[in-house]
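Peer 1: Going by the working numbering, the letters in the sequence shown line up with residues 1 to 138, in that order. Before I ask anything, let me first share the structure, which is written out below as structure tokens.
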Amino acid sequence: MANPTTSYRVRSATVQDIPALTDVFFSSFTAPFWQYLYPDTERMREWWNQAWRLGLENPTDQTFVAEDTQDNDCVVGFSRWVKPQEDGNHDRVWPVVDKSVFPDMEVAEAFFQAMEDNRRALLGSQPHWSTSTSCLHA
1 MANPTTSYRV RSATVQDIPA LTDVFFSSFT APFWQYLYPD TERMREWWNQ AWRLGLENPT
61 DQTFVAEDTQ DNDCVVGFSR WVKPQEDGNH DRVWPVVDKS VFPDMEVAEA FFQAMEDNRR
121 ALLGSQPHWS TSTSCLHA
């Protein structure tokens with residue numbers, strides 16, 4: 001049961017939050033598939049740090065963090081939003097996806113391609129929001 005005295009604050013993420021975003025990501029995605037696709041290695045953490053930085057630098061993306069104000073403003077969750085573009089474009093710059101980071105490139109390529117294929121099949125060029133969200137288990 002959650003502590004009723006806990007308070008949270010939501011704010012825009014900053015570059016200083018990048019390591020916390022990566023920590024929350026790995027604490028949130030613990031199912032076997034996610035651990036297989038994104039193993040918690042130093043190189044994968046570097047890859048996610050680069051991904052968050054690129055998102056913070058992209059003017060069409062907005063990342064928010066949730067802080068626990070009762071725990072030294074510890075980042076306990078985040079949400080990354082991609083704003084709708086008039087032309088429906090959702091192309092993003094990502095760090096290089098290669099075998100130096102991803103141990104199973106066949107699975108990684110199939111996963112990323114299926115995500116994009118499904119988004120395009122459902123929404124085409126219609127302007128739309130998209131998001132990714134993670135939070136620590138309380």
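A virtual CB, placed ideally from N, CA and C, is assigned to each residue, including glycine.
DSSP has V75 in a bridge; who is on the other side?
Peer 2: Taking the first residue of the sequence shown as 1, we reach residue 75 at position 75. In the DSSP output, where bridge partners are listed per residue, V75 has E67.
Peer 1: Over the uninterrupted beta strand (DSSP E) stretch that includes S12, give me the two end residues.
Peer 2: By 1-based counting over the sequence shown, the position of residue 12 is 12. Per DSSP, S12 belongs to the beta strand (DSSP E) from Y8 to S12.
Peer 1: By DSSP, does V107 sit in helix, in strand, or in coil?
Peer 2: Reading the sequence shown from its first residue, position 107 is the one you call residue 107. Helix, per DSSP.
Peer 1: Using a Cβ cut-off of 7 Å (strictly closer), state whether Q85 contacts chain C.
Peer 2: Included in the structure is just one protein chain, with no chain C present.
Peer 1: Quick check on A114: buried or exposed, where buried means 16 or more other Cβ atoms within 10 Å of its Cβ?
Peer 2: Residue mapping note: residue 114 aligns to position 114 of the sequence shown, counting from 1. By the neighbour-count rule (16 or more Cβ atoms within 10 Å), A114 is not buried but exposed.
Peer 1: Among A110, S27 and N89, which residue has its Cα nearest to the Cα of V97?
Peer 2: The sequence position of residue 97 within the sequence shown is 97, counting from 1. For V97, the nearest C-alpha among the options comes from A110.
Peer 1: So, for T131: in the same chain, excluding its five sequence neighbours on each side, which residues have a beta-carbon less than 8 Å away from its beta-carbon?
Peer 2: Within the sequence shown, the letter at position 131 stands for residue 131. So the list reads S79, R80, W81 and V82, once near-sequence residues are dropped.
Peer 1: Rounded C-beta distance between A13 and T63? I'm assuming under 8 Å.
Peer 2: For this step, residue 13 is matched to residue 13 along the sequence shown. For this step, residue 63 is matched to residue 63 along the sequence shown. The Cβ separation is near 4 Å, so the contact holds.
Peer 1: Near H128, which residues of its chain fall below 6 Å by C-beta distance, leaving aside the five closest residues on each side in sequence?
Peer 2: To locate residue 128, count along the sequence shown from 1; it is residue 128. The residues are P84.
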